[in-house]
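Novice: No gaps in the numbering here: position 170 of the sequence shown is 170 in the working numbering, and each next residue is one more.
First, the structure itself, so that you have it in front of you.
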Amino acid sequence: MAVQIAVIDDWQDVASGVVDWSVLESIGQVSFLHDYPADNDTLAERLGGFEVICVMRERTRFDADLLRRLPKLKLLVTGGMRNAALDFKAAAALGIQVSGTDSYKHAAPELTWALIMAATRNLVAEANALRAGQWQQSLGGDLHGKTLAILGLGSIGQRVAQFGQVFGMRVIAWSENLTAERAAAVGVSYVSKQELFEQADVLSVHLVLSERSRGIVDAQALDWMKPTALLVNTARGPIVDEAALIKALQKNRLAGAALDVFDEEPLPELHPFRTLDNVLATPHVGYVSRQNYQQFFSQMIEDIQAWAAGAPVRLLT
1 MAVQIAVIDD
11 WQDVASGVVD
21 WSVLESIGQV
31 SFLHDYPADN
41 DTLAERLGGF
51 EVICVMRERT
61 RFDADLLRRL
71 PKLKLLVTGG
81 MRNAALDFKA
91 AAALGIQVSG
101 TDSYKHAAPE
111 LTWALIMAAT
121 RNLVAEANAL
131 RAGQWQQSLG
141 GDLHGKTLAI
151 LGLGSIGQRV
161 AQFGQVFGMR
171 VIAWSENLTA
181 ERAAAVGVSY
191 VSKQELFEQA
201 DVLSVHLVLS
211 ERSRGIVDAQ
221 ALDWMKPTAL
231 LVNTARGPIV
241 DEAALIKALQ
251 KNRLAGAALD
261 VFDEEPLPEL
271 HPFRTLDNVL
281 ATPHVGYVSR
291 QNYQQFFSQM
301 IEDIQAWAAG
311 APVRLLT
C-alpha cells in the first residue's frame, strides 16, 4: 500500500512547484496542506491518515499529546536541523523518526538588512505616500558612522555584522557565550550586555531561542536603549519581552522596531504590531526564499527516500 505523505505548513501554496515531488511516486502519495496551525483535536483529525509528515520549521507544534494521537505516523521531516516545535523525546518514545535538512544561510541576514534599511529610510511610508500622490514626506536616517549592536554573534549575526561594516558602521556584540577574542576575530568589538543596549543605534537580535534566551530583551534592556534607537528582531519573537516592547513603542521610548518574528504566528488580527506607526512588521519571511525552500524540500525528499530504503539520514534527536 502506498505511503501517505503530507507536506503541511504550505501557507503560500508554493511547495508543490518549488521542487519535483513526483520522484516519490514509487513510495507513496504526496498531499499538500495549506492550513494554519490549530488545536490538537483539529490537527489529529487533519493529519491522522499520514505515515510521513513534512513540516516547516516551528510553524505547527507537535507536542507529546498530538504525537500520541497520530498512531500511523512513522517519520517527521522538518526544514532545518533544529525545530523547537517538535517534542523529540516523545517522538522517540513512540517510535517516530525525525529527519532534518540543511538551510540556505543567506536568506535571514539579507532580510535583516532589508528591514534595517527600510526602517531607517522610512521606505514603506514614502512608497505608500508616492502611490497616494504625495512627495517626500519624511526625513530619513543614516547608517554610516552609527553603532550596530548584534545580540548573538553566530553565523547569521556575523553576516549582519559584515553588512554593517560595509556600510561604515561601528559594530559591537554581546551574548552570554561570546568572548572578546571571538568577536575580534570577525572585526567586532565585544561589550557588556548593558553597553550593547546603551550604545546601539540599531540593535539586531540573532540568538537561538532557548529557556536562557527567552525574554532576555526585557523592560530593563529596553530602558537602556536610546530613544532614537531601532530594535530589529528576525530571530524568534519570545527572545524579546513582547509586552515590554509594545509599552516602549507606545510611549516612544524607542524610535521604532522592525520585526519579522512574534510570540504568536500568524500574528493575531488586532495585535498592536499591526497598527503602531513606529513598527515595520513582516510575516516571518526571513527564511521564506526560493533558494531556501528548494533546499528544504529537495532534502525532505531525500530524507523520505532514505527512510523508505531503510537507511534514514539527517536524523534528529
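Positions of the beta carbon are idealized from the N, C-alpha and C atoms, including for glycine.
Just so you know, these numbers come straight off a predicted model, no measurement behind them.
Under the rule that 16 or more other beta-carbon atoms within 10 Å means buried, what is Q295, buried or exposed?
Specialist: By the 10 Å Cβ count, Q295 comes out buried.
Novice: What are the residues that DSSP puts in a beta bridge with L75?
Specialist: Looking at the DSSP assignment, L75 forms a beta bridge with V52, Q97.
Novice: Would you give the residue range spanned by the alpha helix (DSSP H) that A161 belongs to?
Specialist: That run of the alpha helix (DSSP H) goes 155-166.
Novice: Assign W174 to one of three DSSP states: helix, strand, or coil.
Specialist: In the structure shown, W174 sits in a strand (DSSP, three-state: E or B).
Novice: Which same chain residues end up closer than 8 Å to L280 when comparing Cβ atoms and leaving out the 5 residues on each side of it in sequence?
Specialist: Cβ within range, chain order: L115, A118, A119, V124, G256, A257, A258, L259.
Novice: Measuring only the C-alpha atoms, how far is A93 from T317?
Specialist: Answer to the nearest angstrom: the Cα atoms are 11 Å apart.
Novice: I think L153 touches S175, with their Cβ atoms under 8 Å apart; what is that distance to the nearest whole Å?
Specialist: Confirmed, about 6 Å.
Novice: Please report the residue range of the alpha helix (DSSP H) in which Q220 lies.
Specialist: Start and end: 219-224.
Novice: Whole-angstrom Cβ separation of T228 and V160, contact assumed at under 8 Å?
Specialist: Their Cβ separation, rounded to whole angstroms, is 20 Å, which puts T228 and V160 out of contact at 8 Å.
Novice: Could you tell me the distance, in whole angstroms, from the CA atom of N233 to the CA atom of S16?
Specialist: Roughly 30 Å between the two C-alpha positions.
Novice: Which same chain residues end up closer than 8 Å to P238 when comparing Cβ atoms and leaving out the 5 residues on each side of it in sequence?
Specialist: Around P238: L209, R214, G215, D263.
Novice: Which residue comes first and which comes last in the alpha helix (DSSP H) that contains S31?
Specialist: It is not in any alpha helix (DSSP H) - S31 instead sits in the beta strand (DSSP E) that spans 28-32.
Novice: Taking only runs that begin and end inside the segment 231-283, name each unbroken beta strand (DSSP E) of 3 or more residues, in chain order.
Specialist: Complete beta strand (DSSP E) runs here, min 3: 256-259, 279-281.
Novice: Taking Q220 as the reference, give the member of H271, V202, R236, A248 with the closest Cα.
Specialist: With distances taken between Cα atoms, Q220 lies closest to A248.
Novice: Using the C-alpha atoms, what's the distance from Q134 back to G80?
Specialist: Going by the C-alpha atoms only, they are around 44 Å apart.
Novice: Do the CB positions of M300 and T60 come within less than 7 Å of each other?
Specialist: Cβ atoms of M300 and T60: not closer than 7 Å.
Novice: Check this for me: beta carbons of A6 and I53, under 7 Å apart or not?
Specialist: For A6 and I53, yes; Cβs fall inside 7 Å.
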